[in-house]
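J.:
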Amino acid sequence: MSQRLVSFERERILHIVKSLKTQLLTSLGLTIIGGGLLIPVISRKIVRPLRYIEKTTHRIAEGDFTPIVVYDTHDETQRVVEGFNRMISELEKRQDQLLQAKKLSSLGTLTSGIAHQLNNPLNNISTSCQILLEEFDKVDAELSHRMLNNIEHEVHRARDIVRGLLEFSRIKEFCLAPTVLLQVVERAVKLISSHVPPGVEIVLDVPRDLSLNLDAQRIQQVFLNLIENAVHAIEAPGQIRIKARADLAQKQVLVVVEDTGKGIPEGELGRIFDPFFTTREVGAGTGLGLSIVFGIVQKHHGSITVESRESEGTRFTMRFPIETEC
Ligand SMILES: Nc1ncnc2c1ncn2[C@@H]1O[C@H](COP(=O)(O)OP(=O)(O)O)[C@@H](O)[C@H]1O
Ligand SMILES: [Mg+2]
Numbered sequence: 006m007s008q009r010l011v012s013f014e015r016e017r018i019l020h021i022v023k024s025l026k027t028q029l030l031t032s033l034g035l036t037i038i039g040g041g042l043l044i045p046v047i048s049r050k051i052v053r054p055l056r057y058i059e060k061t062t063h064r065i066a067e068g069d070f071t072p073i074v075v076y077d078t079h080d081e082t083q084r085v086v087e088g089f090n091r092m093i094s095e096l097e098k099r100q101d102q103l104l105q106a107k108k109l110s111s112l113g114t115l116t117s118g119i120a121h122q123l124n125n126p127l128n129n130i131s132t133s134c135q136i137l138l139e140e141f142d143k144v145d146a147e148l149s150h151r152m153l154n155n156i157e158h159e160v161h162r163a164r165d166i167v168r169g170l171l172e173f174s175r176i177k178e179f180c181l182a183p184t185v186l187l188q189v190v191e192r193a194v195k196l197i198s199s200h201v202p203p204g205v206e207i208v209l210d211v212p213r214d215l216s217l218n219l220d221a222q223r224i225q226q227v228f229l230n231l232i233e234n235a236v237h238a239i240e241a242p243g244q245i246r247i248k249a250r251a252d253l254a255q256k257q258v259l260v261v262v263e264d265t266g267k268g269i270p271e272g273e274l275g276r277i278f279d280p281f282f283t284t285r286e287v288g289a290g291t292g293l294g295l296s297i298v299f300g301i302v303q304k305h306h307g308s309i310t311v312e313s314r315e316s317e318g319t320r321f322t323m324r325f326p327i328e329t330e331c
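Those letters in the sequence shown? Residues 6 to 331, by this note's numbering.
Spelled out as structure tokens, the structure:
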């Protein structure tokens, strides 16, 4: 009797173990199938939007604040993307405020610069006129001639300052057209050649077939200003090199103007593009050259950077996008 009971119990336990095994295998199978089905859903709902957000953060870092497209999924992903877009728009606002503050601070430099720069020639003109008026009967022809020459020279100086300001505020119409870069560079070099002292060599390494959408006159101004600065920085003998090449992978053209001049002290590097920043003696430079260059390059959707080592030289690198619309 007891033996039958034992065998019955054993049968029952074996049955339970078997059914547990089946249940375990079934649930394992179901989990695997469910997991397999869930992977594409997770990828579509979570991984893909995360990748998109990651890509967008890189875009924002490069200054592109276009918001992400929001899809009506009514879930957490939609809320995250909406929150992300709010952050982008806040960032853009802050960036604009920063730019505005920077503009206002350069306006301050600009106004005091204009006052300072125009004051010098006006004072000189006024002194020369006073001498001429007070000593009208006594001064000889030679002195009057010298005074008048001086007045004319100062008037030209004031005119140059005003011209520079007009260029700085970009009053003339701006128009891009396909332009052979080498032609613009050669024209600028020709125009400045009379100011290049002997012993200063200008070397061009610009492909003849490199053409870009440019405002030729303004880009010529860029080269004139950069070459002029390089000439002033070089104590002959020295070299100014102008190089250009297309970087098709980055869809941009790199233009370099470098010199073997005295270089720029590190403390001044951050200020050289400020209007009226100059280290040249009073009356020699307006300090507008590089701020004009900066404005023109920016208008072409390009960028300009500077590297310099004292007593070795300076290199300005400009980058222009290859597809710039007119
Ligand atoms: N190639 C260069 N080498 C050394 N210093 C330079 C160079 N280019 C510009 N600088 C510095 O930047 C200053 C500002 O240049 P710029 O805006 O052209 O005004 P300016 O030539 O009238 O001084 C110069 O006074 C000079 O100190
Ligand atoms: Mg200059």
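Built from N, CA and C at the ideal position, the CB exists for glycine as well. Given the structure is predicted, the values throughout are model-derived calculations rather than measurements.
1) If Ser-316 sits next to Gly-268, beta carbons under 8 Å apart, how far is it from one beta carbon to the other, in whole angstroms?
2) In chain order, what are the residues with a CB under 6 Å from some non-hydrogen atom of ligand 2?
3) Of all the options Gln-226, Val-144, Glu-312, Asp-80, which has the alpha carbon lying nearest to the alpha carbon of Leu-293?
4) What separation, rounded to the nearest whole angstrom, lies between the Cα atoms of Leu-187 and His-237?
5) In terms of alpha-carbon separation, which member of Val-190, Thr-82, Glu-240, Arg-15 lies closest to Arg-213?
6) Determine the extent of the alpha helix (DSSP H) in which Ile-65 is found, giving its start and end residues.
7) Looking at C-alpha atoms only, which residue of Arg-162, Thr-71, Ile-224 is the closest neighbour of Thr-184?
8) Are the CB atoms of Gly-307 and Pro-280 within a distance shorter than 9 Å?
9) For ligand 1, I want to know if Phe-321 counts as a neighbour, meaning its beta carbon is within less than 8 Å of at least one of the ligand's heavy atoms.
10) Quick one: what does DSSP say Ser-94 is sitting in, helix, strand or coil?
11) Give a single yes or no on whether Gly-88 has its beta carbon closer than 8 Å to a heavy atom of ligand 1.
12) In angstroms with no decimal places, state the Cα-to-Cα distance between Glu-81 and Lys-304.
13) Measuring only the C-alpha atoms, how far is Ile-166 from Val-74?
14) Taking the beta strand (DSSP E) that Gln-5 belongs to, which residues open and close that run?
15) First and last residue of the beta strand (DSSP E) that includes Asn-216?
16) Measure the alpha-carbon distance for Gln-257 versus Arg-324 and round it to whole angstroms.
T.: According to the data block:
1) Here the question's residue 316 lines up with position 311 in the sequence shown. Here the question's residue 268 lines up with position 263 in the sequence shown. About 6 Å separates the two Cβ atoms, so the contact holds.
2) Any residue whose Cβ sits closer than 6 Å to a heavy atom of ligand 2 makes the list: Asn-230, Glu-233, Asn-234, Gly-290, Gly-294.
3) For the purposes of this step, residue 293 is identified with residue 288 of the sequence shown, where counting begins at 1. Nearest of Gln-226, Val-144, Glu-312, Asp-80 to Leu-293, Cα basis: Gln-226.
4) Counting from 1 along the sequence shown, the entry for residue 187 is found at position 182. Counting from 1 along the sequence shown, the entry for residue 237 is found at position 232. Rounded to whole angstroms, Leu-187 to His-237 spans 23 Å at the Cα level.
5) As a first step, residue 213 is located in the sequence shown; it is residue number 208 there, counting from the start. Of Val-190, Thr-82, Glu-240, Arg-15, the residue nearest in Cα terms is Val-190.
6) For this step, residue 65 is matched to residue 60 along the sequence shown. Per DSSP, Ile-65 belongs to the alpha helix (DSSP H) from 53–66.
7) Counting from one through the sequence shown, the residue named residue 184 turns up at place 179. Checked all of Arg-162, Thr-71, Ile-224; the closest Cα to Thr-184 is Ile-224.
8) Locating residue 280 in the sequence shown gives position 275, where the first residue counts as 1. Locating residue 307 in the sequence shown gives position 302, where the first residue counts as 1. With respect to the 9 Å criterion, Pro-280 and Gly-307 are not classified as neighbours on the basis of their beta carbons.
9) Within the sequence shown, numbered from 1, the residue matching residue 321 stands at position 316. Checking every heavy atom of ligand 1 against the Cβ of Phe-321, one is found closer than 8 Å.
10) In the sequence shown, counting from the first residue as 1, residue 94 sits at position 89. If DSSP states are grouped into helix, strand and coil, Ser-94 belongs with the helices.
11) The residue labelled residue 88 in the question sits at position 83 within the sequence shown. No - ligand 1 has no heavy atom lying nearer than 8 Å to the Cβ of Gly-88.
12) Taking the sequence shown and counting its residues from 1, one reaches residue 81 at position 76. Taking the sequence shown and counting its residues from 1, one reaches residue 304 at position 299. Answer to the nearest angstrom: the Cα atoms are 41 Å apart.
13) The residue given as residue 166 occupies position 161 in the sequence shown. The residue given as residue 74 occupies position 69 in the sequence shown. Near 49 Å, if we compare the C-alpha coordinates of Val-74 and Ile-166.
14) What is shown of the chain runs 6 to 331, which leaves residue 5 out entirely.
15) In the sequence shown, the residue the question calls residue 216 occupies position 211. Here residue 216 turns out to be Ser, not Asn, going by the sequence shown. 216–219 is the extent of the beta strand (DSSP E) around Ser-216.
16) Here residue 257 corresponds to residue number 252 of the sequence shown, with the count starting at 1. Here residue 324 corresponds to residue number 319 of the sequence shown, with the count starting at 1. Using only the alpha carbons, I get a separation of about 6 Å.
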